[in-house]
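In numbering that gives the first Met the number 0, the protein residues as written are 0 to 159. Note that beta-carbon positions come from the ideal geometry of N, C-alpha and C, so glycine has one too. Right, one structure below, let's go through it.
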Amino acid sequence: MKAIITSCASLFVASTLSRKVESSTKQGTAILIALGLLFGGVTAASSISGKKWQAPATEAAKKNPVAASQTSTAEGQKLYTKHCASCHGPSGDGDGSAAAELGIHPARLSESRSQSEGALFWKITTGKKPMPGFGTKLSETDRWNLINYIRTLGGKQAGQ
Ligand code: HEC
Numbered sequence: 000m001k002a003i004i005t006s007c008a009s010l011f012v013a014s015t016l017s018r019k020v021e022s023s024t025k026q027g028t029a030i031l032i033a034l035g036l037l038f039g040g041v042t043a044a045s046s047i048s049g050k051k052w053q054a055p056a057t058e059a060a061k062k063n064p065v066a067a068s069q070t071s072t073a074e075g076q077k078l079y080t081k082h083c084a085s086c087h088g089p090s091g092d093g094d095g096s097a098a099a100e101l102g103i104h105p106a107r108l109s110e111s112r113s114q115s116e117g118a119l120f121w122k123i124t125t126g127k128k129p130m131p132g133f134g135t136k137l138s139e140t141d142r143w144n145l146i147n148y149i150r151t152l153g154g155k156q157a158g159q
């Protein structure tokens, strides 16, 4: 709801602004301002609605200290099968058996490459209902091993 109000408000401000400024030289500036407001409103709206799960910037910037060796990805695969596959599916496509039972749609980890490893680490550590946080269940190294494995899902090379 808040999100809709924000977008409407910025749309309103934007249209009033462009109507007020009449001289053609100023119109360009007005349109730019209007576009800026509109874009700002939409950005604010999407962060308020909380639809997208986003890691804080400082966490997302964290670097993976564990090299994506074969030992690491193999360890990650074991952990994945044990703790994650029931929801995220055997290949990270979000089609695990528990997902169907719970009526949920876990993220497709095979398509998580746009996210930094730091962001994935933070999400795995904290969790978000119905996904449990693994900060107390798995050691830091285990969580990074998992990320090295997740990076291999979707047919891409790890460590990129
Ligand atoms: C009970 C089911 C469940 C289990 C078990 C589970 N997850 Fe999730 N996971 C989810 C759901 C549902 C989401 C989507 C949350 C959202 O975006 O609102 C999610 C989201 C994620 C995300 C964020 C992806 C993105 O694109 O934002 C990552 C990373 C992740 N899970 C990794 C894991 C790992 C690694 C494990 C195992 C250690 C695991 N999950 C176990 C249900 C689960």
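Could you give the DSSP three-state label for residue i: helix, strand or coil?
| i | result |
| --- | --- |
| residue 81 | helix |
| residue 59 | helix |
| residue 69 | helix |
| residue 46 | At residue 46 the pLDDT is 43, less than 50, meaning the model places this residue with poor confidence and gives no usable figure here. |
Using a Cβ-Cβ cut-off of 6 Å (strictly less than) and excluding sequence neighbours within five positions of residue i, which residues of its own chain qualify?
| i | result |
| --- | --- |
| residue 98 | 86 and 105 |
| residue 84 | 95 |
| residue 59 | 115, 117 and 118 |
| residue 103 | 129 |
| residue 153 | 109 |
If I measure Cβ to Cβ from residue i and keep anything under 8 Å in the same chain, skipping five residues before and after, which residues do I get?
| i | result |
| --- | --- |
| residue 35 | Here the model assigns residue 35 a pLDDT of 45, short of 50, so the residue's position is not dependable and the matter cannot be decided. |
| residue 78 | 137, 141, 144, 145 and 148 |
So, is residue i buried or exposed, given that buried needs 16 or more other C-beta atoms within 10 angstroms?
| i | result |
| --- | --- |
| residue 121 | buried |
| residue 52 | exposed |
| residue 140 | exposed |
| residue 145 | buried |
| residue 70 | exposed |
Near residue i, which residues of its chain fall below 7 Å by C-beta distance, leaving aside the five closest residues on each side in sequence?
| i | result |
| --- | --- |
| residue 125 | 132 and 134 |
| residue 93 | 87, 104, 105, 106 and 107 |
| residue 111 | 119 and 149 |
Checklist entry - In chain order, which continuous runs of the alpha helix (DSSP H) of length 4 or greater are located wholly inside the stretch 71 to 155? => result 84 to 87, 96 to 101, 116 to 125 and 139 to 149
Checklist entry - What is the chain-ordered set of residues for which the beta carbon lies under 7 Å from any non-hydrogen atom of the ligand HEC? => result This criterion selects 52, 78, 79, 82, 83, 85, 86, 87, 97, 98, 101, 103, 104, 105, 106, 108, 111, 114, 119, 122, 123, 127, 129, 130, 131, 133, 137, 145 and 149.
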